[in-house]
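Structure first, then comments.
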Amino acid sequence: MNRKTWIPQLSTTDLLRGMLLMVLVIIGTFPENDWSYNLGIDPPLSWAFNHLFETGLNKGIHIIFPHGPLAFFMYPLSNNILLATLVTSLLKGLLVFNLIFLFCESKNQGKWIAAFVTAYLISLLSLFNHLILANIILLYCNYYQTNYKPFKLFAFLLTAFALFVKAYVAIVSGTLFFAFVIYFLVKHRNGKQTLFDGISLLIFIVMFWLLMFGTLRGLFNYINGMLHLAQDNSAAAAYYPQNNWLVLIIFMLTVVAIFVVNRSQKSLFFGSLIALSLFASWKHAMAREDIFHTKGLLIYLVICFALFIFFERKNYLTNLILSVVSLFLFSVNMKNAENYFAYKYELFSVNNFVEYVRDFEQLKEKSLRNSERKVAQNKLPQAMLDSVSNATVDIYPWDYSIAAINKLNWQPRVVIQSYAAYTSWLDAQNAQHFASDNAPQYLIWENKKITRDVNGGDMNSIDMRYLLNDEPHTILQLIANYDYCFSDKKFSLYKKKKKPVLPETNPIGKAETTWNEWLPLPDFTGDILRAKLNFGKSTIQRVKSFLFKDEQFWLYMKLSDKSIHKYRIVPKNAADGLWLSPYIFDQNRLYNIEQIMFKSSKSELLEQQLTVEWEKIDFGPSSHGILQFFGLNPQFSDSLIFSSTNNFEQASLEHWSTTKKEQFSPKAFTGVSSYFLKENMYSSTLKLSLDSIPYGDIRICADAWVNSLGNSSVKDISLVVAIDGKNGNLTYKGLSTKEQLIDPKQWNNIFKSIEFNHRQSGCNLVVYFWSSGKEQLLIDDFRVMIFSNKEQNSAN
């Protein structure tokens, strides 16, 4: 039986009141007038998507990325700020009127205050994404109350719009749509209506795509790409802070209790509507688990709880208390999130609005100058600019501020940042692009990024990954299709070949290994050696990955100088090939890998047998060589000039402080004993006068094997490398042990590297572990090495 439709209407007075509230919300929560961008990984994306919208979206029709073609609405720059301000203000205005319609039947005049306070709170906390989600939820709620179809059709329209803004808001709004149609299908058994709703959403999606691009070409790939981006995300981009699971479990029970105590049809509808979306938001927040993602979940919780309180209306006080308790519990654990800091909100931002209206042109000019100042260090040398001229160019691996500050003719690839191509299909899209006629004529590779990798090199991706493992298929196509031209210390320039030199790939054997076991590399002759890794996951681990996040997976590499380097790996990319030889560390250094080891944060939840397939890749005699492709200087040497290892088998050792009897532990990585670092304590310390070391650029490496006795955090224990001069400390670098503590039940290698310009006498090197809290650690094979970097003949 169809429900009776009630068409909500507002009187002229109510309409004027609503307009006044809308203006107050828009002005009172007006955003800061900063329309600039910066260099790095994420900040240049604001330029990329604003640039594409301003110059023509068709250039980016093929792009598959967590940000969609309309992502510029989230962080507009000066040229698009008027449109972004208009759309953001309309979303806030829609929020106000949605809340007014929600209270339309109520005769209580307090509804106006409730609508204003709720709209103001949500607008104050929310960025563009959450404004979309809040309106979609309200539109569905208003449809539930009225059966008035324009409400749900408008929700479908916003859902289609969200698909092209960002993957997160697309997935969350998609789960809201799915829950909505399933609820009414179960309740009314009206398959025709469900079909109509599905077709309506599809029509809106197609409509937006046609408005943006004028063709259906690329739409299926875009949607398929969004699905791939949702796969293996937690294995590719997760942090692993220490959570307070007691607090989180109580938080989850409190969320459930909010809907259980309200045994009504409204509560059932609202709970059914948001349950899947809350789970999707939970996964998004807790997979990455940095402050920005967890804050997103907190805001979404505030939105859901606030809207439910005013939608249900009964049990108001109980619902309010349970909501506040739930938010408090989540915020308590949120302090464990990576890069945590306390957010501050400006309650009244009228001054931002006044400044926007009064000084609009000056603000635009100021933002342009700020952007240019922030990214000035990415200006290319004149020789590169002259070589490129007006030809098409792409930037590798991700900093598009290079294209912006140099006004390059940017030709984007499919997955525009290397780290996001973490499935074989996504990787293949980029590989096909660089092998096609749509490939750019030039490629600019950033050698010196703003961050260095965990081992101190420059061939780094995000989250301690190795850049050459981000896109196994794509990197081969780059070598096949581009020639190295020249480089300076920061950039390398590549030019598209007239005819590609295609690689020949051949398997050269297979090996079986287990977690935490060293595996020797095979002998081979060829240009590149890679290892394809495959392993199984237990049912428990799959459930954990689905409900929370995947384990972290690492590759340890033992070099010919016995150093241990390590990188995080993504299972789906690892199955396509991990780059091993030549091991390119940065623009100047090559190393030989003798053995590898695979580690996981919880290897006991995984199948213990790992299969490694070795493959060699050759580019033929016509190839200029892998070393030349990367612009490496073969005359550069990295010579070991000092090495000392304390294996804690004896009390005293040259250069090391004495180990007392009670500081030995019988549990060892090698030998019969290790060092027991207790709480609030310094470890055995290496002290070395650098007067014994030749002057010049040196690299100091310290590493040790540690066991945290089952503690997965040890956030208060650091490996410290410091150098003191005659007039005080010259450098002090501390590495938190938690950054490289992978498996708390196994021995883990902790490594820290620093570079130092040794130019004066009287300098002393000091290396030690320091427990500044109540945590304890076993330490074994504590080693310090010093390398001298010498360039015998300039090749670049």
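The sequence shown runs 303 to 1098 under my numbering. Backbone N, C-alpha and C define an ideal beta-carbon position, used for all residues, glycine too. In this text, all values refer to a predicted model and were calculated from it rather than measured experimentally.
Alpha carbon to alpha carbon, how far is residue i from residue j?
{"i": "Thr815", "j": "Glu896", "result": "15 Å"}
{"i": "Asn762", "j": "Lys1017", "result": "24 Å"}
{"i": "Pro310", "j": "Asp592", "result": "42 Å"}
{"i": "Trp308", "j": "Tyr446", "result": "10 Å"}
{"i": "Phe430", "j": "Val327", "result": "15 Å"}
{"i": "Ile343", "j": "Glu407", "result": "50 Å"}
{"i": "Ser967", "j": "Phe650", "result": "59 Å"}
{"i": "Val488", "j": "Leu323", "result": "38 Å"}
{"i": "Thr913", "j": "Tyr858", "result": "16 Å"}
{"i": "Val549", "j": "His735", "result": "48 Å"}
{"i": "Trp547", "j": "Arg870", "result": "25 Å"}
{"i": "Lys637", "j": "Pro873", "result": "29 Å"}
{"i": "Val1022", "j": "Lys681", "result": "35 Å"}
{"i": "Leu385", "j": "Ser428", "result": "18 Å"}
{"i": "Asn836", "j": "Pro774", "result": "15 Å"}
{"i": "Leu979", "j": "Asn641", "result": "27 Å"}
{"i": "Val325", "j": "Met983", "result": "59 Å"}
{"i": "Ser883", "j": "Tyr768", "result": "13 Å"}
{"i": "Thr972", "j": "Leu992", "result": "29 Å"}
{"i": "Leu831", "j": "Ile928", "result": "12 Å"}
{"i": "Leu619", "j": "Leu401", "result": "19 Å"}
{"i": "Val419", "j": "Lys666", "result": "32 Å"}
{"i": "Tyr542", "j": "Asp852", "result": "10 Å"}
{"i": "Leu397", "j": "Trp1072", "result": "52 Å"}
{"i": "Leu513", "j": "Leu459", "result": "13 Å"}
Name the residue from the options whose alpha carbon lies nearest to the alpha carbon of residue i.
{"i": "Lys812", "options": "Val803, Pro822, Pro805", "result": "Pro822"}
{"i": "Arg1085", "options": "Ala953, Gln910, Phe944", "result": "Phe944"}
{"i": "Ala532", "options": "Lys901, Phe355, Ala723", "result": "Ala723"}
{"i": "Val756", "options": "Thr461, Ile415, Gln1042, Ile1081", "result": "Gln1042"}
{"i": "Ser1055", "options": "Trp747, His867, Ile704, Phe837", "result": "His867"}
{"i": "Pro802", "options": "Gly1030, Asp785, Trp1072, Asp829", "result": "Asp785"}
{"i": "Ala373", "options": "Lys361, Asp863, Lys468, Asn672", "result": "Lys468"}
{"i": "Gly1012", "options": "Ser903, Asp920, Gly933", "result": "Ser903"}
{"i": "Phe262", "options": "Thr461, His490, Tyr422", "result": "In the structure as shown, the chain starts at 303 and stops at 1098, and residue 262 therefore has no counterpart that could be examined."}
{"i": "Asp878", "options": "Asn818, Gly922, Thr807, Arg891", "result": "Thr807"}
{"i": "His432", "options": "Phe1058, Trp817, Asn1091, Met376", "result": "Met376"}
{"i": "Leu804", "options": "Pro333, Asp696, Asp920", "result": "Asp920"}
{"i": "Leu575", "options": "Lys666, Glu648, Leu435", "result": "Leu435"}
{"i": "Gly631", "options": "Thr596, Leu503, Leu619", "result": "One detail in the question is off: residue 631 reads as Leu in this sequence, not Gly. Measuring from the Cα of Leu631, the nearest candidate turns out to be Thr596."}
{"i": "Ala970", "options": "Trp1049, Ser905, Phe399, Asp940", "result": "Trp1049"}
{"i": "Trp584", "options": "Val557, Leu609, Thr827", "result": "Val557"}
{"i": "His364", "options": "Phe932, Lys846, Ile718, Leu1037", "result": "Ile718"}
Quick one: what's residue i bridged to in DSSP?
{"i": "Phe900", "result": "Leu857"}
{"i": "Ala678", "result": "In the DSSP output, where bridge partners are listed per residue, Ala678 has none listed."}
{"i": "Trp958", "result": "Leu955, Leu988"}
{"i": "Pro822", "result": "Gln897"}
{"i": "Trp916", "result": "Gly811, Ala833"}
{"i": "Tyr885", "result": "Tyr893"}
{"i": "Gln910", "result": "Partner(s): none; Gln910 has no beta bridge."}
So is residue i in contact with chain D if we call contact Cβ pairs under 8 Å?
{"i": "Gln843", "result": "Looking for chain D here will not work: only one protein chain is present."}
Classify residue i: buried if its beta carbon has 16 or more other beta carbons within 10 angstroms, exposed otherwise.
{"i": "Gly395", "result": "buried"}
{"i": "Phe351", "result": "buried"}
{"i": "Gln843", "result": "buried"}
{"i": "Pro452", "result": "exposed"}
{"i": "Pro378", "result": "buried"}
{"i": "Ala644", "result": "exposed"}
{"i": "Gly320", "result": "buried"}
{"i": "Val626", "result": "exposed"}
{"i": "Asp590", "result": "Sequence check: residue 590 is Arg here, not Asp. Classification of Arg590: buried, given that the 10 Å Cβ count is 16 or more."}
{"i": "Ser569", "result": "buried"}
{"i": "Ala953", "result": "exposed"}
{"i": "His490", "result": "exposed"}
{"i": "Leu1080", "result": "buried"}
{"i": "Asp772", "result": "buried"}
Query raised in the report: At which residue ranges does the region 836-883 contain complete beta strand (DSSP E) runs of 3 or more residues, listed in the order of the chain?
Result: 855-861, 866-871, 880-883
**Report entry** Entirely enclosed beta strand (DSSP E) segments - the region 689-758, minimum 3 residues
**Finding:** 694-698, 744-748
**Report entry** Complete alpha helix (DSSP H) runs within the region 496-544 (minimum length 4 residues, chain order)
**Finding:** 521-531, 535-539
**Report entry** 4 or more residues per run - each alpha helix (DSSP H) lying fully within the region 307-361
**Finding:** 314-330, 346-357
Report task. At 3 residues or longer, and completely inside the region 973-1029: list those beta strand (DSSP E) runs for me, N to C. Result -> 976-979, 988-991, 998-1009, 1019-1027
Query raised in the report: Of all the beta strand (DSSP E) runs that stay within the bounds of the region 1034-1081, which reach a length of 3 or more residues?
Result: 1050-1060, 1066-1073
Report task. Let me know the beta strand (DSSP E) ranges lying completely inside the region 776-811, each 3 residues or longer, listed in chain order. Result -> 784-789, 793-798
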